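Heads up: the structure comes next, in structure tokens.
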Amino acid sequence: MKQFNLLFLLLSLLVSFIGLTQNEVLKNTHKGNVFYQNNAFKDAVYYYEKAIDNAPFNFKASFNLANAFFKLKEYDKSINQLENIVTYAKTNEEKAMVYHNIGNAQLLNKELDKGIEAYKSALRLNPNAEDTRYNLAYALLKKQEQEKKEQEQEQNKDQQKEEDQKKDQQEGDNKEEQKDKGEQDQKDKGEPEEQKDKEDQGKENQKDGQDKENQPEQGEGNKPQKLSKDQAKRLLEAAAKKEKDIQEKKDEKLKISSGKPKQKKDW
């Protein structure tokens, strides 16, 4: 009987302790939310971390902590926190929310490829997430613009290299011509004045021709081009078709959008 009473007492104490801990988690998470909503993100981080100290695998506190890091533009911390959360998120919806926010943080961290992959992971878990689809489309457009810019830079490097080679060749030809001219002048010192004038005129004409050859051609140059709406739509449709192959609902009609990423998800 005494053993039973002792066991009952221990269980009661354990339940009470768990209850107190849960209350602390809820209280600190709530305080964190209040500070978060008032844009006091550093204070929000403090209370979310206090909540997590008592419940390391609490999804709400952990998820909102990552969001607070995001608001502070501490994207690496936000990403690390989110990558930890995804290991113990219970539902596909929760995991999709985590990957969505990873995508947002990677995008602002100038990691387009990682952001695109995170959005794709979110869509595999929740094919109906229109915000995620919207942000994926935006990231794909930014990726195309980045690749176009890199291609233009590479072309400009090649063009500059070719122009430098032509310039070096022209300078070499001019030096050789000056050398030949000096040797010819030594031979022709006794020529009549009229003949020398003709040669001088010919050389002057030749110089004018060379100057014209060395002038750059007139043109518009490599001006950056903005994607038209039709181009953007084709890109998004292609991306949507690819996503359909890996999503559960293959007959879902995709909504094509363009613009800035939508605000990340908060709990």
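For the sequence shown, my numbering gives the first residue as 156, with consecutive numbering after it. Where is the CB? At the ideal position from N, CA and C, for every residue including glycine. Here the structure is a predicted model, which is why all the values come from computation and not from measurement.
Own chain residues within Cβ distance below 7 Å of residue i, not counting five before or after
| i | result |
| --- | --- |
| Lys232 | Phe224 |
| Lys297 | Leu267 |
| Glu249 | Phe214 |
| Gln301 | Leu267 |
| Lys322 | none |
Simplified DSSP assignment, three categories, for residue i
| i | result |
| --- | --- |
| Lys265 | coil |
| Leu296 | helix |
| Tyr274 | helix |
| Ala223 | helix |
| Tyr243 | coil |
| Gln236 | helix |
| Asn178 | helix |
| Phe190 | helix |
| Ala216 | helix |
| Asn281 | coil |
| Asp363 | With a pLDDT of 46 at Asp363, under the threshold of 50, the modelled position of that residue is not reliable, and the figure given next carries that caveat. Looking at Asp363 - three-state DSSP - the assignment turns out to be helix. |
Where the alpha helix (DSSP H) through residue i begins and ends
| i | result |
| --- | --- |
| Glu229 | Neither: Glu229 is in no alpha helix (DSSP H) and is coded neither H nor E. |
| Phe196 | 196-209 |
Cut-off 6 Å between Cβ atoms - residues of its own chain near residue i, not counting five sequence neighbours on either side
| i | result |
| --- | --- |
| Ala199 | Gly187, Phe190, Tyr191, Ala223 |
| Thr287 | His255, Tyr274, Ala277, Leu278 |
| Asn183 | Tyr202, Lys205, Ala206 |
| Leu237 | Ala221, Val253, Asn256, Ile257 |
| Val241 | Lys250, Val253 |
| Leu291 | Tyr274 |
| Tyr243 | Phe212 |
Residues near residue i by beta carbon distance below 8 Å, same chain, minus five either side
| i | result |
| --- | --- |
| Asn194 | Lys226 |
| Asn239 | Ser217 |
| Ala294 | Gly258, Leu262, Leu267, Gly270, Ile271, Tyr274, Pro416 |
Short CB-CB distance (under 8 Å) between residue i and chain C
| i | result |
| --- | --- |
| Arg279 | Absent from the structure: chain C. Only one protein chain is present. |
Using 8 Å as the threshold, is the region 273-281 in touch with the region 307-316, meaning 3 or more CB pairs across them? no
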